[in-house]
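Each remark here refers to the structure printed beneath this line.
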Amino acid sequence: MRINIQDQIVDWASKKLSRWQQDALRRIIEQELISNKDIEELLILCKKENGIEIKGNNKIQPKPLKVSPLKKGKNGSHPGVILLAIKDVIDVNALAPGQNLTFKPKGLIVIYGDNGAGKTKGN
Numbered sequence: 031m032r033i034n035i036q037d038q039i040v041d042w043a044s045k046k047l048s049r050w051q052q053d054a055l056r057r058i059i060e061q062e063l064i065s066n067k068d069i070e071e072l073l074i075l076c077k078k079e080n081g082i083e084i085k086g087n088n089k090i091q092p093k094p095l096k097v098s099p100l101k102k103g104k105n106g107s108h109p110g111v112i113l114l115a116i117k118d119v120i121d122v123n124a125l126a127p128g129q130n131l132t133f134k135p136k137g138l139i140v141i142y143g144d145n146g147a148g149k150t151k152g153n
C-alpha cells in the first residue's frame, strides 16, 4: 500500500495542531526558513488564539497548510519521501546521545532483534 505522506501531514496538522501552529508548518514547508517577520506574525497569531490582547496589527489571519503548496517534482507529482538517517536524538530507546542510524536511499533495510540485542547500534 502506497501512502501519500503529504496528505498524511496535512491531515495530522488539521487534527492535532492549533491554527497558528498549522500556519507555522505551512510557512516552514513553503519557505524552508522562516524570517523574523514570520516569527512576529506567528507570535501575534498565537496570542490572538489564546485570548491575549494585541496592540497594533491584529488583522493577520492564520493560513492553514494544504496539499497544494507542497513542492512538486518535474512530472507534476509530489516527490516521494526517503528516510536517509535518524540523528541528533535524545532519550530515544537505546540510542546513545550522538548515535546516528543511516539508511541507503534504495533497497530494503531491516533492523531486527530482541529488546537489548544491540539493533540500535546502526547498520
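Each residue of the sequence shown is one higher than the last, beginning at 31 in our numbering.
For every residue, glycine included, the Cβ atom is placed at its ideal position computed from N, Cα and C.
Here the structure is a predicted model, which means the values were calculated and not measured.
- Inside the segment 38–68, DSSP marks no whole beta strand (DSSP E) run of 3 or more residues.
- Judged by pairs of C-beta atoms under 8 Å, the segment 117–136 does not touch the segment 73–84, as fewer than three such pairs exist.
- Distance from the CA atom of Asp-144 to the CA atom of Lys-117, rounded to whole angstroms, is 22 Å.
- CA-to-CA, the gap between Asp-121 and Gly-86 works out to about 42 Å.
- Around the C-beta of Gln-52, 16 or more other C-beta atoms lie within 10 Å, and the residue is accordingly described as buried.
- Ranked by Cα distance from Leu-113, the options Leu-138, Asn-123 and Leu-95 are led by Leu-138.
- Across the set Lys-67, Leu-125, Ala-126 and Ile-59, the C-alpha of Ile-59 shows the shortest separation from the C-alpha of Pro-94.
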